[in-house]
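Q:
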Amino acid sequence: MSSNIRIKRVCQHCEKEFTAKTTVTKYCGDTCAKRAYKARKRNEKIEAANGTLKRSSKPKASLHDKRILTVNEASEFLGCSTKTIYRLIKLNKVQAINLGERMTRIDKVSLEELFAEPSSSSSTKSAYRTPNLKDCYSLKEISDLYGISQSALYTILKKYDIAKFRQGKFSYVLKNEIDRIFDGSEN
117 MSSNIRIKRV CQHCEKEFTA KTTVTKYCGD TCAKRAYKAR KRNEKIEAAN
167 GTLKRSSKPK ASLHDKRILT VNEASEFLGC STKTIYRLIK LNKVQAINLG
217 ERMTRIDKVS LEELFAEPSS SSSTKSAYRT PNLKDCYSLK EISDLYGISQ
267 SALYTILKKY DIAKFRQGKF SYVLKNEIDR IFDGSEN
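Counting from 117, one number per residue, gives the positions in the sequence shown under my numbering.
1) Which class does Ile121 belong to by DSSP, given the choice of helix, strand or coil?
2) Is the beta carbon of Leu227 less than 8 Å from the beta carbon of Leu179?
3) Got a sec? Which residues, its chain only, sit under 6 Å from Thr220 by beta carbon, not counting five neighbours each side?
4) Secondary structure at Asp146, three-state DSSP: helix, strand or coil?
5) Just to confirm the assignment, what range does the alpha helix (DSSP H) spanning Asp295 have?
6) With DSSP run on the structure shown, which of helix, strand or coil describes Ala165?
7) Using CA atoms only, rank isn't needed, just tell me which of Phe286, Leu269 and Gln283 is closest to Glu293.
8) Over what stretch of residues does the alpha helix (DSSP H) that includes Gln211 continue unbroken?
9) Count the other CB atoms within 10 Å of the CB of Ala165; is the residue buried (16 or more) or exposed (fewer)?
10) Secondary structure at Asp181, three-state DSSP: helix, strand or coil?
11) Shortest alpha-carbon distance to Gln128 belongs to which of Ile201, Ser197, Cys148 and Ile184?
12) Going by DSSP in three states, Thr135 sits in which element: helix, strand or coil?
13) Among residues of its own chain, excluding the 5 on either side of Lys280, which ones have a beta-carbon nearer than 8 Å to its beta-carbon?
14) Going by C-alpha distance, which of Val126, Asp181, Ser259 and Cys130 is nearest Val140?
15) Write down the C-beta distance between Leu261 and Gln283 rounded to the nearest angstrom, noting that I regard them as a contact closer than 8 Å.
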């Protein structure tokens, strides 16, 4: 059963007059309804974006005002990655404390001291010279000579804190340090 009602209305989108067959019709046609829908959705997106802008515009405490920083804030402060910050903590170049899982806090003064002290790593590189290869074993030679696996050798080198160095594609260790360990003089 169709309606015989004819009502003069004004389109809410284009504001032209039209004849509506129902009392709830708002638009003169399908194209105006689609355009009004798109305009409404566009305005909703703009309002949502403005809402996030208002939320994010809350004043944050400046990194320069804080004394204790998180790892992310420290990386932002130094302009480096978080892995670099963790490496500095591991090397004890930066004072940090772990208050729990994912709660590492760093003293900002220790970060600033990194720039105050001259780097001592450049002087150690020039002082350290690679030994003559005649005084060294390659890692393969050690495993063949003493009959141990590569993984066991790496464990021993790490346990006794023996320095190894690379020359080309091979890694070498001083003969006297290896002989001292495997000849039984150090247990």
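Just so you know, even glycine gets a beta-carbon here, dropped at the ideal spot from N, CA and C.
A: On the basis of the coordinates in this document:
1) The residue you call residue 121 lines up with position 5 of the sequence shown. Looking at Ile121 - three-state DSSP - the assignment turns out to be coil, as it is neither helix nor strand.
2) Locating residue 227 in the sequence shown gives position 111, where the first residue counts as 1. Locating residue 179 in the sequence shown gives position 63, where the first residue counts as 1. Contact flag unset, no.
3) Along the sequence shown, one-based indexing puts residue 220 at 104. For Thr220, where only same-chain residues beyond five positions count, the Cβ hits under 6 Å are Val187, Ala212 and Asn214.
4) Counted from its first residue, the sequence shown places residue 146 at position 30. Looking at Asp146 - three-state DSSP - the assignment turns out to be helix.
5) Taking the sequence shown and counting its residues from 1, the one referred to as residue 295 is at position 179. It spans Lys291 to Phe298 - the alpha helix (DSSP H) in which Asp295 sits, taken as one unbroken run.
6) The sequence position of residue 165 within the sequence shown is 49, counting from 1. Ala165 falls in the helix class under three-state DSSP.
7) On the sequence shown, residue 293 is found 177 positions in, with the first residue counted as 1. That would be Leu269, whose Cα lies nearest to the Cα of Glu293.
8) Taking the first residue of the sequence shown as 1, we reach residue 211 at position 95. Where Gln211 is concerned, there is no enclosing alpha helix (DSSP H), given that its DSSP letter is neither H nor E.
9) On the sequence shown, residue 165 is found 49 positions in, with the first residue counted as 1. Per the 10 Å Cβ criterion, exposed.
10) As a position in the sequence shown, residue 181 is number 65, starting the count at 1. Three-state result, Asp181: coil.
11) Taking the sequence shown and counting its residues from 1, the one referred to as residue 128 is at position 12. Check the Cα spacing between Gln128 and each of Ile201, Ser197, Cys148 and Ile184: the tightest is with Cys148.
12) The residue given as residue 135 occupies position 19 in the sequence shown. Residue state, collapsed to three classes: strand.
13) Along the sequence shown, one-based indexing puts residue 280 at 164. Answer for Lys280: Leu255, Leu273, Ser287, Tyr288 and Val289, listed in chain order.
14) Working through the sequence shown from its first residue, we reach residue 140 at position 24. For the residues Val126, Asp181, Ser259 and Cys130, the minimum Cα distance to Val140 belongs to Val126.
15) The count along the sequence shown starts at 1 and reaches residue 261 at position 145. The count along the sequence shown starts at 1 and reaches residue 283 at position 167. Contact between Leu261 and Gln283 fails: their C-beta atoms lie close to 19 Å from each other, not under 8 Å.
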